[in-house]
Amino acid sequence: MNTRREQVLTLLTLAGLTIAFIAAVALPGRQARAALQAEIAASKSEIEQGPIVLDRFRAARKSLDRRREYLDASSAAVAEPHDLLHAISHVAQTSGFAVVRIEPLPVRTQATYVEHPFQLDFRAKLGALTRFLRGLEKSSRLYVIEDVTVRKQATQKESEVLEGTIRFVVYAASTGSGTLAEENDNTGGR
Numbered sequence: 018m019n020t021r022r023e024q025v026l027t028l029l030t031l032a033g034l035t036i037a038f039i040a041a042v043a044l045p046g047r048q049a050r051a052a053l054q055a056e057i058a059a060s061k062s063e064i065e066q067g068p069i070v071l072d073r074f075r076a077a078r079k080s081l082d083r084r085r086e087y088l089d090a091s092s093a094a095v096a097e098p099h100d101l102l103h104a105i106s107h108v109a110q111t112s113g114f115a116v117v118r119i120e121p122l123p124v125r126t127q128a129t130y131v132e133h134p135f136q137l138d139f140r141a142k143l144g145a146l147t148r149f150l151r152g153l154e155k156s157s158r159l160y161v162i163e164d165v166t167v168r169k170q171a172t173q174k175e176s177e178v179l180e181g182t183i184r185f186v187v188y189a190a191s192t193g194s195g196t197l198a199e200e201n202d203n204t205g206g207r
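If you're matching positions, the sequence shown starts at 18 in the numbering used here and goes up one per residue.
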């Protein structure tokens, strides 16, 4: 009977050790394995998304470079105010827009750019006015329209002709705007 009792105790001890092994090693190991597999899957998906994200960054960089080039070109330093007057009168002439008077207003200097405001009195048809405004918009310079006042011309003969005033600003880079950035580039940003 002792042998049978020893066999039962041995079986119970083995069963207890098996349960203890499963509880202490196997179950936490499975949970850790599942967590590692989840991390691996997340890492794989991030790695797979890498080229897509890189393409997005490249596209954003190209867009930013294009915008920067546009702003650099449109805010280039103005050599003479008469160049601006010539450019404005050229746009007006090509659009069939009659300029009655153009008056340069006092220049406003900012830290990195200069504002050249103008007040323009005109007489034109609505189509010529829209062509003129689109011509300014498509110009290589940065023009910002501040105010447009339009009224019907007083004479009854030409009821389609409009009179009005346009106030706009032409932006130009300040002549000393790039010196600090150039110094930082030359000194390594010190």
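C-beta: ideal position from N, C-alpha, C; glycine also.
Check                                                                                                              : Outcome
Of the residues Phe135, Arg118, Ile119, the one placed nearest arginine 125, counting alpha carbons only           : Phe135
Contact test: arginine 47 Cβ vs the ligand ATP heavy atom, cutoff 7 Å                                              : Here there are no bound small molecules, and the ligand ATP is not part of this structure.
Assumed close pair valine 167, leucine 179 - CB separation to whole angstroms, cut-off 8 Å                         : 5 Å
DSSP beta-bridge partners of leucine 137                                                                           : Ile119, Ile183
Supposed contact pair phenylalanine 149 and phenylalanine 185 - C-beta distance, whole angstroms, cut 8 Å          : With 8 Å as the limit, phenylalanine 185 and phenylalanine 149 do not qualify as a contact, their Cβ atoms being about 11 Å apart.
Beta-carbon gap between threonine 182 and leucine 137 smaller than 8 Å                                             : yes
Three-state class that DSSP yields for arginine 125 in the structure shown                                         : strand
Unbroken beta strand (DSSP E) run spanning lysine 142, endpoints                                                   : Run containing lysine 142: none; DSSP gives neither H nor E here.
Valine 108 classed as buried or exposed, judged by whether at least 16 other C-beta atoms fall within 10 angstroms : buried
Where the beta strand (DSSP E) through isoleucine 162 begins and ends                                              : 159 to 169
Simplified DSSP state of glutamate 132, which is helix, strand or coil                                             : strand
Residue interval of the alpha helix (DSSP H) (run including serine 156)                                            : Run containing serine 156: none; DSSP gives neither H nor E here.
Serine 60 vs threonine 129 beta-carbon contact at 8 Å                                                              : no
Buried versus exposed, by CB contacts within 10 Å (16 or more), histidine 133                                      : buried
Contact check, valine 116 vs serine 106, beta carbons under 8 Å                                                    : yes
For leucine 159 and lysine 79, the rounded distance between their alpha carbons                                    : 21 Å
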